[in-house]
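Novice:
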Amino acid sequence: MKQYFKHNIIMAIIVTGIIFTLFFSCWLPKEFYSLLSEQTQKAENYNVTIYRDTWGVPHIFGQSDEDAAFGLAYANSEDDFKNIQDVIITLKQKSGLIHGRDGAITDFFISWLRIYNTVDQYYESQLSEKVRSILEAYATGINYYAHLHNDEILADVFPVQGKDIVAGFVFRTPMFFGLDSILESLFNLTEKPKLSSHLPANNTSRHIGSNGFAVSPKRTANKETFLAINSH
């Protein structure tokens, strides 16, 4: 009886694996892989060397800003492709497929805030050709990593473009002044809120900050001051 039960479990695992493989293959269309393969050709346009030191920190050497941006994106993907991909999935409004109800809410916000409408409207008029070139190089670095590691891809969201990089900033920036908490409170209201022409005073008791530290010249080898911050 135990042997029969064990056999059934093994067969169930095998069948589940086959179904998952077929589903994943169908989920990502052939055009998806074709578009990603084009990134190999684009990657050849960049001349960059990525050297990792003893601690694994990437040092990126490029002949141009675009080369360095491509290398930076590839190194970032090596270190944190999971989160990079999750951001892209969110921006392309497919978070609901991966994260269920909570992801679907984020998908709605992306559409409701008209993120890509804003990006499409100002991408060429407010960003110089040089900046757009750097953005496209960074996007190509992500795409190249995805092409070489397509087993890590969770959804049909590649290839990424420069506009997607900008869209990430357009979406995240309002969250720094608390838009997400305001929206959350509005959607959770059980009764109509009272309106006022006066804003409430800020709560100064909360100590909110970001990462930052300085190193005195007395503690550095070249006697220079170092400041490391997360500038967002």
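Anchor point for the sequence shown: position 112 equals 101 in this note's numbering, and the numbering is continuous, going up by one each time.
Using N, Cα and C, we set each Cβ at its ideal position, and we do this for glycine too.
#1: Roughly how many whole angstroms lie between the Cα atoms of S53 and D145?
#2: Straight-line CA distance for A32 to G130?
#3: I need the DSSP call for H48, collapsed to helix, strand or coil.
#4: Over what stretch of residues does the alpha helix (DSSP H) that includes V76 continue unbroken?
#5: Quick check on DSSP: helix, strand or coil for G167?
#6: Strictly by DSSP, which residues pair up with A203?
#7: First and last residue of the beta strand (DSSP E) that includes Y40?
#8: Given that a residue counts as buried once 16 or more other Cβ atoms are within 10 Å of its Cβ, and exposed if not, what is G60?
#9: What residue range does the alpha helix (DSSP H) around G130 cover?
#10: Starting from V108, trace the alpha helix (DSSP H) in both directions and tell me its first and last residue.
#11: Given this structure, state the Cα-to-Cα distance separating G201 from T214, to the nearest angstrom.
#12: Of the choices I87, D153, Q82, whose alpha-carbon is the least far from that of L124?
Specialist: To lay it out plainly:
#1: For S53 and D145, the distance between alpha carbons rounds to 31 Å.
#2: Going by C-alpha positions, A32 is about 7 Å away from G130.
#3: Correct three-state label for H48: strand.
#4: It spans 54 to 80 - the alpha helix (DSSP H) in which V76 sits, taken as one unbroken run.
#5: G167 falls in the coil class under three-state DSSP.
#6: Beta-bridge annotation (DSSP): A203 is paired with L216.
#7: For Y40, the enclosing beta strand (DSSP E) stretches over residues 37 to 41.
#8: Counting the other CB atoms within 10 Å of its CB gives G60 a total of 16 or more, which places it among the buried residues.
#9: Run containing G130: 118 to 137, per the alpha helix (DSSP H) assignment.
#10: Unbroken alpha helix (DSSP H) run through V108: 104 to 115.
#11: Approximately 14 Å between the Cα atoms of the pair.
#12: Comparing Cα-Cα distances from L124 to each of I87, D153, Q82, the minimum goes to D153.
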